[in-house]
Amino acid sequence: MARIAQITRLLRINHIFVKHDLDEFVTAIHLFRLYRLLQRLMPWRWWPRKRLPRAVRLREALEELGPIFVKFGQILSTRPDLLPEDIALELSKLQDQVPPFPAEEAIRIIERSYRDRLENHFSEFDRTPVASASVAQVHFAKLHDGTEVAVKVLRPRIEAVIERDLSLLYTLARLAMRYWKDGKRLRPVEVIDEFSKTIHDELNLMREAANASQLRANFAGSDMLYVPKVFWDHTRREVMVMERIHGIAISDVDALKAAGVDMRTLSHNGVEIFFTQAFRDGFFHADMHPGNIFVSPEGQYRAVDFGIMGSLGEQDKRYLAENFLGFFNRDYRAVSEAHLRAGWVPAGTRVEEFEAAIRSVCEPIFAKPIKDISFGRLLLQLFQTARRFKMEIQPQLVLLQKTFFNVEGLGRRLYPELNLWDTAKPYLEKWMREQLGPRAFVKAMRRELPKWWQIMPEVPGIVYDILRRERAGELVTQLRSEELGRIQQQLQYNQRRLILAIAGTGLLLAGAVLLGFAAVPAEAADLLMLGGWVSAGLGTLFLLRGWPRAAEEFPRGPNADR
């Protein structure tokens, strides 16, 4: 029975694709090609019709197929490494809006999650939803203490709908792998795997609540961004309760101007919030479309919907900053070398060839006035170029590109003269100085000190054990060849260098600790500082003495040439 239902659903997909003149997709994966031919022979198909662009036809087909396919299209729009530019841009316009389900169903889900009556948690509950999407809908309510809240409720039986449509998507992906000429290169099954993980994460509202709490902690006390509070006592897997947000929708530019909001400052603050999330915190809101952002009359951003978040590691942040600064300075050599160091392109890639490809994309764009340059579009074209060099796109970088594209679009809508150089370049230059300067070194030392503090007491024992084993080996082993004797001398020489390196590291750590304590007001501050610099200097000297040098030979003993 399930098999028949799946075939029926596949026939409907085929019908919608042909209806929207998307024959190339049907033909590419061998999906009921005979059925497609029969549809083409119908009399009403004989007269020529005006054909919309391919990307528009695909977007309309996905909208007709239903909310899960719309969500899949949204995810695909973040994969410019897989899609042509026109399709990626068009799919980004997909809106996840579906008719609401009855309030009685929402109340039933809430009471089942709480194992309690609705009235015991809320003094008021608005039965008319304020927002409805493919996975959940939102109602306004009031807690018994009078606090206004927004209650997000998962759709009833949504898991079964998602599993059914995921099964169909996997079937289509396997057909594409088998018949489509680009199927193996684009790995459609892995794309569906990624989509499956994303949408299953959205089915657990506890995860979204945790995302909101983390972002709120990151921006506690900020004048630029406010994140609503999560009420954990009322939050479950299928129900999330957050503080209600009041503000002007960011898409309502006229209302913002009428409220006296400074549009230039608002647009620049949006860019700074994005870079702060990405580079200071490594944790960013990755679904910043206009429906998720409001603005207070004072010009403070207020965000909602934290189902999709991105994260960046320290290396990712460093290489991204290098790339952005390279673009701002039009230093394409630095950009190509940063890609290679990050491992984003294969190690055998020729830097000169990659640099030339990047220049061919960037120079025509940078020939325009700064206010007309779209960095989101620039990143999109760079992803397209990187496909030629077998660049594997990291999911977190794709989310970052999508978010940057949204932020830039919002900023330009608010203030068309937005100049990203004014905000982004100084921010990144300051961030890089903080990462590479002496303060960053001391900060890193303090962060790593607890680990070294555990290891350092073991170092003398390890060194003693190495020397003891070596000495025991000398007593019981008779070296019978000159080559073995030379190897033994090399080992002894390396051990001396190892001891110097370990001692130098320890002295450097001690110096960093003393210099850190020297900042506090105390009578011994000068002494601590002097001791810190002496210790650090000795540590550096020992490290330099113990550091291996290229093509260096150890000093030979008197019997080495015999």
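Counting in my numbering, the sequence shown tops out at residue 564, every number present.
Quick reminder that beta carbons are idealized off the backbone N, C-alpha and C, glycines included.
{"Check": "For His270, collect the residues of the same chain with a Cβ closer than 6 Å to its Cβ; drop the 5 residues on either side in sequence, then sort them by chain order.", "Outcome": "Thr425"}
{"Check": "Counting only runs that start and end within the segment 299-360, where is the beta strand (DSSP E) found for 3 or more residues in a row?", "Outcome": "303-305, 311-313"}
{"Check": "Give the DSSP-derived three-state secondary structure of Met393 in the structure shown.", "Outcome": "coil"}
{"Check": "Do Gln139 and Ala162 come within 8 Å of each other at the CB atom, strictly closer than that value?", "Outcome": "no"}
{"Check": "Apart from the five residues on each side of it in sequence, which residues of its chain come closer than 6 Å, Cβ to Cβ, to Phe233?", "Outcome": "Val243"}
{"Check": "From Ile250 to Lys199, what does the alpha carbon distance come to, in whole angstroms?", "Outcome": "33 Å"}
{"Check": "Going by beta-carbon coordinates alone, are Gln76 and Leu54 separated by less than 8 Å?", "Outcome": "no"}
{"Check": "Judging by CA-CA distance, which residue of Trp346, Arg11, Pro348 is the nearest neighbour of Leu168?", "Outcome": "Arg11"}
{"Check": "Rounded C-beta distance between Leu314 and Gly284? I'm assuming under 8 Å.", "Outcome": "4 Å"}
{"Check": "Should Val151 and Arg246 be called a contact, given that it needs their Cβ atoms to be closer than 8 Å?", "Outcome": "yes"}
{"Check": "Quick check on this structure: which residue in Glu210, Leu78, Ile252 has the alpha carbon closest to the alpha carbon of Phe286?", "Outcome": "Glu210"}
{"Check": "I need the straight-line Cα distance from Ala212 to Gly463, nearest angstrom please.", "Outcome": "45 Å"}
{"Check": "Going by the beta-carbon positions, is the gap between Val193 and Ser136 smaller than 8 Å?", "Outcome": "no"}
{"Check": "Could you tell me which of His236, Asp118, Leu96, Arg157 sits nearest to Ala143, measuring between CA atoms?", "Outcome": "His236"}
{"Check": "Under the three-state reduction of DSSP, which class applies to Phe103: helix, strand or coil?", "Outcome": "coil"}
{"Check": "Helix or strand or just coil, what does DSSP make of Met290?", "Outcome": "coil"}
{"Check": "Can you find the residues in the same chain that come closer than 7 Å, C-beta to C-beta, to Ala521, ignoring five residues on each side of it along the sequence?", "Outcome": "Because the pLDDT of Ala521 is 48, which lies under 50, any placement of that residue in the model is unreliable, and the number read from its coordinates should be weighed accordingly. Taken in chain order, the list of residues that qualify is empty."}
{"Check": "How about Phe277 and Tyr417: are their beta carbons less than 8 Å apart?", "Outcome": "no"}
{"Check": "Taking its Cβ as the centre, do 16 or more other Cβ atoms sit within 10 Å of Ile112, making it buried, or is it exposed?", "Outcome": "buried"}
{"Check": "When DSSP labels each residue in this structure, what does Lys259 get in the three-state scheme?", "Outcome": "helix"}
{"Check": "Can you find the residues in the same chain that come closer than 8 Å, C-beta to C-beta, to Arg59, ignoring five residues on each side of it along the sequence?", "Outcome": "His22, Asp23, Leu24, Arg53"}
{"Check": "For Ala135, which of helix, strand or coil comes out of DSSP?", "Outcome": "coil"}
{"Check": "What do you reckon, are the CB atoms on Phe197 and Phe74 nearer than 8 Å?", "Outcome": "yes"}
{"Check": "Which class does Glu65 belong to by DSSP, given the choice of helix, strand or coil?", "Outcome": "helix"}
{"Check": "Who pairs with Ile250 in a beta bridge, going by DSSP?", "Outcome": "Val297"}
{"Check": "Is Val155 helix, strand or coil when you go by DSSP?", "Outcome": "strand"}
{"Check": "List the whole-angstrom C-beta distance separating Gly413 from Val273, where the pair is believed to meet the contact cut-off of C-beta under 8 Å.", "Outcome": "6 Å"}
{"Check": "Indicate, with yes or no, if the ligand SAH has a heavy atom lying under 7 Å from the CB of Ala143.", "Outcome": "The ligand SAH is not among the ligands present in this structure, which contains no ligands whatsoever."}
{"Check": "Within 10 angstroms of the Cβ of Pro348, are there 16 or more other Cβ atoms? Answer buried if so, exposed if not.", "Outcome": "exposed"}
{"Check": "In or out: Asp307 buried (at least 16 other Cβ within 10 Å) or exposed?", "Outcome": "buried"}
{"Check": "Could you tell me which residues DSSP puts in a beta bridge with Ala124?", "Outcome": "The residue you asked about is not Ala; residue 124 is Phe in the sequence shown. Phe124 is bridged to Leu145."}
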